[in-house]
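When you line the sequence shown up against UniProt numbering, it's residues 1 to 265, in that order. Note that CB positions come from ideal geometry on N, CA and C, so glycine has one too. Note that the coordinates shown come from a computational prediction; the quantities given were computed from them, not determined experimentally.
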Amino acid sequence: MLELQNVSFRYTPRGNNILSHFSASFGEGELVAVTGRNGSGKTTMTRILVGLEKPSEGIVSYEGNDISAEDASARSRFIGYVFQQPDRQMFMPTVREEVAFGPRMQGLTGKELDDAVENAMRAVDVAEEADRYPRSLPRGTQQRVAIASAIAMNIRYLILDEPTSGQDGNEKKRLISLMNALRKQGITVILVTHDMDIVASDCSRVIVIADHEKAYDGTPENLFASEGKAEQWGLAVPSSVALGRALPGSPYCKDMVSFCNAYMK
Ligand code: ADP
Numbered sequence: 001m002l003e004l005q006n007v008s009f010r011y012t013p014r015g016n017n018i019l020s021h022f023s024a025s026f027g028e029g030e031l032v033a034v035t036g037r038n039g040s041g042k043t044t045m046t047r048i049l050v051g052l053e054k055p056s057e058g059i060v061s062y063e064g065n066d067i068s069a070e071d072a073s074a075r076s077r078f079i080g081y082v083f084q085q086p087d088r089q090m091f092m093p094t095v096r097e098e099v100a101f102g103p104r105m106q107g108l109t110g111k112e113l114d115d116a117v118e119n120a121m122r123a124v125d126v127a128e129e130a131d132r133y134p135r136s137l138p139r140g141t142q143q144r145v146a147i148a149s150a151i152a153m154n155i156r157y158l159i160l161d162e163p164t165s166g167q168d169g170n171e172k173k174r175l176i177s178l179m180n181a182l183r184k185q186g187i188t189v190i191l192v193t194h195d196m197d198i199v200a201s202d203c204s205r206v207i208v209i210a211d212h213e214k215a216y217d218g219t220p221e222n223l224f225a226s227e228g229k230a231e232q233w234g235l236a237v238p239s240s241v242a243l244g245r246a247l248p249g250s251p252y253c254k255d256m257v258s259f260c261n262a263y264m265k
């Protein structure tokens, strides 16, 4: 279990709180969406989880231990992070070397290293790009390379920052099925997103950040069950939910969401 316990955060000592008394826990195999208006603190929250920022107050804990003092490289043994612009995290001349970088730093060598790299590249479907320069690839492929780099390190948590924004339908579908496959392997996926269709159809839980605090933490069904609830935090209504509301006497239900998403695909 990875937890934020009563975390407050400001970028400068005299600055305003970006997060105030924020607590959240992430269990095994969840696909959790983190959403909220632009500037609400979603990226900041994930940067604290991954160790790129330290809480001003409160702690980050992993399996009951306070890991607040551990930096991002120490936390990379169990948590992977895919930036919104993944080219910013790619420095090696080929995809294979990029994916090998993390496990090599962890001490893997020889066949063990080769197997970890090949398996990770196959899992995200970038094996054919193994000898290409990562920064020359389309953003969707770069994201999958970044995911491969995390998988090769045997992580338990994967954070993806707005992975589907600006992606075409095929790349979106690929990412969604990849996230679901990772989840089935027990990896917890934390997805920063504005895409409420994905929240409604694929996420087990959704956290909404508003006014520096956690405004909602629960199922997508409950979030969209009553009109106005999601909208008060500036969230769009998923197309499936909008359709359900438009049909008289058809309350929102998961079957409707699944049906509409299958239809739209
Ligand atoms: P979101 O991901 O929800 O759009 P962010 O976490 O990126 O929000 O930003 C939350 C707030 O923190 C915004 O007001 C943003 O301007 C501010 N902020 C983000 N990064 C920095 C930084 N490095 N220094 C100072 N303020 C920042």
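Presumed contact (8 Å Cβ cut-off) between residue i and residue j, rounded CB distance
i: residue 295; j: LEU191; result: Any question about residue 295 goes unanswered here, given that the chain covers just 1 to 265.
i: ARG14; j: GLY234; result: Incorrect: roughly 28 Å between the Cβ atoms, too far for contact.
i: LEU2; j: TYR157; result: 6 Å
i: PRO86; j: ARG139; result: 7 Å
i: GLU28; j: GLY186; result: 5 Å
i: ALA210; j: SER76; result: With a Cβ gap of about 30 Å, ALA210 and SER76 do not count as contacting.
Own chain, CB closer than 6 Å to residue i, minus 5 neighbours either side, in chain order
i: ASP131; result: THR94
i: ILE208; result: The question names Ile, but residue 208 in the sequence shown is Val. The answer, listed in chain order, is THR35, GLY36, ALA215, TYR216 and TRP233.
Own chain partners of residue i with C-beta closer than 8 Å, once the 5 adjacent residues on each side are dropped
i: THR46; result: VAL34, TYR81, ILE159, ASP161, ILE190 and VAL192
i: MET90; result: GLU98, PRO134, ARG135, GLN142, VAL145 and ALA146
i: ILE48; result: LEU4, VAL7, PHE9, LEU19, LYS54, PRO55 and VAL60
i: VAL32; result: PHE26, THR188, VAL189, ILE190, LEU191, CYS203, SER204, ARG205, VAL206 and ILE207
Heavy atom of the ligand ADP within 7 Å of residue i beta-carbon
i: THR44; result: yes
i: SER40; result: yes
i: TYR11; result: yes
i: ILE187; result: no
i: GLY36; result: yes
i: ILE67; result: no
i: ILE59; result: no
i: ILE155; result: no
i: ILE18; result: yes
Buried versus exposed, by CB contacts within 10 Å (16 or more), residue i
i: ARG144; result: buried
i: LEU247; result: exposed
i: ARG122; result: exposed
i: ALA69; result: exposed
i: ALA74; result: exposed
Contacts around residue i, its chain only, beta-carbon distance under 7 Å, and the 5 residues preceding and following it disregarded
i: GLN84; result: ASP161 and GLU162
i: ARG104; result: LEU113
Distance between residue j and residue i (C-alpha atoms, nearest Å)
i: ASN65; j: LEU4; result: 12 Å
i: ASP114; j: THR44; result: 34 Å
i: GLY58; j: GLU128; result: 45 Å
i: ILE18; j: ARG96; result: 38 Å
i: ALA225; j: ALA116; result: 43 Å
i: ASP197; j: GLU231; result: 14 Å
i: TYR216; j: THR164; result: 22 Å
i: ALA72; j: SER23; result: 20 Å
i: TYR62; j: GLN106; result: 19 Å
i: GLY228; j: PHE101; result: 47 Å
i: LEU175; j: SER201; result: 14 Å
i: LYS111; j: MET92; result: 20 Å
i: LEU178; j: HIS194; result: 19 Å
i: ILE67; j: ILE79; result: 12 Å
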